[in-house]
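Numbering (UniProt numbering), first residue to last: 1 to 91. Inspection log for the structure reproduced underneath, given as structure tokens.
Now the structure itself:
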């Protein structure tokens, strides 16, 4: 019982910390990675609550789908503040 409580508290801290990081971090790529950590830790909470189906859907739908779409969007959007990227397009 004590181990479950410590694990729950640890993953709660990971969830809250990574969720705050999503909002507070300025880099979009790091924000997307922190969102993945938050979603995975919520899936761990579902497993600890013996809701394995919800954990599987959390991983498949949110981590597998939404996070991949966000990653593609971040990678495909051209950033204006990178000078070496601008030199390639100007040549």
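C-beta atoms are modelled at their ideal positions from N, C-alpha and C, and glycine is treated no differently.
| field | Within 9 Å, strictly: CB atoms of residue 8 and residue 48 | value | Contact flag set, yes.
Taking residue 12 as the reference, which of 54, 41, 75 and 60 has the closest Cα?
41
Which of the three DSSP states is assigned to residue 44 in this structure?
helix
Straight-line CA distance for residue 63 to residue 23? Across the structure, residue 63 and residue 23 are spaced so that their CA atoms are roughly 18 Å apart.
Same chain, Cβ closer than 6 Å to residue 54, five either side skipped, listed in chain order: 46
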